[in-house]
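Since the structure comes first, as structure tokens, the remarks are kept for the end.
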Amino acid sequence: MHHDNQQILINSLPSGKLSADNYRPTSAPIPVIGDGEILVKTTAFLLSAGSRAGLQGSASYAGAPSAGRVMNSSGVGEVISSQCRDVPVGRYVQVPTGWQQFSAHSGYDATVIPADHNPIDYLGPLGINGLTAYFGLLDVAQIQAGENVMVSAAAGSVGHLVGQIATLKGAHVVGICGSNAKAERLVSELGFRTAVNYKSGHYRDQLKTATPNGVDIYFDNTGGMILGSALFRMNLRGRIACCGVVSQYDTDRPEPAPKGIPGLLVNKRLTMRGFLVYDYAQRFNEARNELQGWLARNELISLTDEVYGLDSAPEAFVDLLGGGNIGTRIVRLDQAT
Numbered sequence: 008m009h010h011d012n013q014q015i016l017i018n019s020l021p022s023g024k025l026s027a028d029n030y031r032p033t034s035a036p037i038p039v040i041g042d043g044e045i046l047v048k049t050t051a052f053l054l055s056a057g058s059r060a061g062l063q064g065s066a067s068y069a070g071a072p073s074a075g076r077v078m079n080s081s082g083v084g085e086v087i088s089s090q091c092r093d094v095p096v097g098r099y100v101q102v103p104t105g106w107q108q109f110s111a112h113s114g115y116d117a118t119v120i121p122a123d124h125n126p127i128d129y130l131g132p133l134g135i136n137g138l139t140a141y142f143g144l145l146d147v148a149q150i151q152a153g154e155n156v157m158v159s160a161a162a163g164s165v166g167h168l169v170g171q172i173a174t175l176k177g178a179h180v181v182g183i184c185g186s187n188a189k190a191e192r193l194v195s196e197l198g199f200r201t202a203v204n205y206k207s208g209h210y211r212d213q214l215k216t217a218t219p220n221g222v223d224i225y226f227d228n229t230g231g232m233i234l235g236s237a238l239f240r241m242n243l244r245g246r247i248a249c250c251g252v253v254s255q256y257d258t259d260r261p262e263p264a265p266k267g268i269p270g271l272l273v274n275k276r277l278t279m280r281g282f283l284v285y286d287y288a289q290r291f292n293e294a295r296n297e298l299q300g301w302l303a304r305n306e307l308i309s310l311t312d313e314v315y316g317l318d319s320a321p322e323a324f325v326d327l328l329g330g331g332n333i334g335t336r337i338v339r340l341d342q343a344t
């Protein structure tokens, strides 16, 4: 069989910061599918900071890929061969494609994308990122109209959706991000009330100014120093939804836990809850219906940061971990421009 399936493999597990040298390109036979399976040609796949956690074994939900294996990722693509009668050839699906052109999957585990939906949205607002934002705010944090919400990594794949959904639910939203340019876009394009650059020299003073009435809900994507600063802005009986710790992923020397845990949790009677979006798998369709409605009415904007070509994935992933993205970063393998 011809070696026609281009792939990016994990060349070595990182020690310290990830580099493009931790990956290598290769080719392999296109998979042969069996009964109940589908063959998918990748249109695009997601670059997610959570995948970096999996590389160091610190996030069991993200998998624990090893050297010599295809780098893992969620992707969307077209079914080009099928032995599953529920998923015919020509349909688009969301599956764990990994960093490769072709992949085989159980048809029964694939998310079949409705014909009138944009497949790329299933890597953003209708995919894991949007579902995480939706359930983290509505179920974990129990958001109420009029509350003050703060979100970290606010210009990232989850954060930029969290802020918009919070606004749609009647909250006042403050975003924390890593540059003035990102802060400006959060306010001007996405409707955040204000945004603060945590890399500025007066971050804590600016955060205090941005939250004059304190914070009722903090949606934490970062952990570390930013979580520590958020604890001091929380109101009595505030809620913290712990989604990720992106500040700790790309390092072999994680920061110590923020000061104030458990002291501030006790004194302020705070609720701090971690969650995984897969806990809500039985309700994904419910969430997608509401998210798709917001998209159709242009009430929810999906920022997509696209790069092109399989070979671009390693450098684009390293850049993502350094905060180079705005919105959801994806790698497209189709000919879209």
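The numbers in the sequence shown follow this note's numbering, run straight up by one, and end at 344.
Cβ atoms here follow ideal geometry from the backbone N, Cα and C, with glycine treated the same way.
These numbers were taken from a predicted model, which means no experiment stands behind them.
The distance from the Cβ of residue 154 to that of residue 178 is about 5 Å, consistent with a contact at the 8 Å cut-off.
Cα atoms of residue 198 and residue 81: separation of roughly 28 Å, rounded to the nearest angstrom. In the DSSP assignment, residue 312 falls outside any alpha helix (DSSP H) and lies within the beta strand (DSSP E) extending over 311-315. Here residue 77 is not near residue 45, since their CB atoms are 8 Å or more apart. For residue 96, the secondary structure class from DSSP, reduced to helix, strand or coil, is coil. Only buried fits residue 160, as 16 or more other CB atoms lie within 10 angstroms of its CB.
Residue environment for residue 243: exposed (fewer than 16 other C-beta atoms within 10 angstroms of its C-beta).
Assignment of residue 148 by DSSP, reduced to helix, strand and coil, places it in the coil class. Contact check between the segment 18-29 and the segment 312-331: three or more CB pairs, one atom from each, fall below 8 Å, which counts as touching.
Take residue 42, set aside five residues on each side of it, and the residues of its chain with a beta-carbon closer than 7 Å to its own are 90, in chain order. Between residue 13 and the set 19, 49, 119, 117, the nearest pair of CA atoms involves 49. Residue pairing by DSSP places residue 225 opposite 157, 247 in a beta bridge.
In this structure, residue 315 lies near residue 339, with their beta-carbon atoms less than 8 Å apart. Shown here, residue 336 sits in a strand according to DSSP, grouped into three states.
Judged by DSSP secondary structure, residue 279 falls outside any alpha helix (DSSP H) and instead within the beta strand (DSSP E) spanning 278-281. Its chain contains 45, 86, 100, 114, 117, 119 as the residues whose beta carbon lies nearer than 7 Å to that of residue 94, once the 5 sequence neighbours on both sides are disregarded; these appear in chain order. For residue 112, the enclosing beta strand (DSSP E) has its first and last residue at 109-113. For residue 325, the enclosing alpha helix (DSSP H) begins and ends at 320-328. Shown here, residue 204 sits in a strand according to DSSP, grouped into three states.
Within the same chain, Cβ atoms closer than 8 Å to the Cβ of residue 175 are found at 301, 306, 307, the five residues on either side in sequence being excluded.
Non-local C-beta neighbours of residue 246 in its own chain, meaning closer than 6 Å and more than five positions away in sequence, comprise 148, 224, 278, ordered along the chain.
When DSSP states are grouped into helix, strand and coil, residue 52 belongs to the strand group.
In this structure, DSSP gives residue 13 an extended state, which the three-state scheme calls strand.
With distances taken between CA atoms, residue 274 lies nearest to 241 out of 131, 133, 241. When C-beta atoms of the segment 286-297 are compared with those of the segment 135-148, three or more pairs fall below 8 Å, so the two segments count as touching. For residue 86, the uninterrupted beta strand (DSSP E) segment begins and ends at 82-89.
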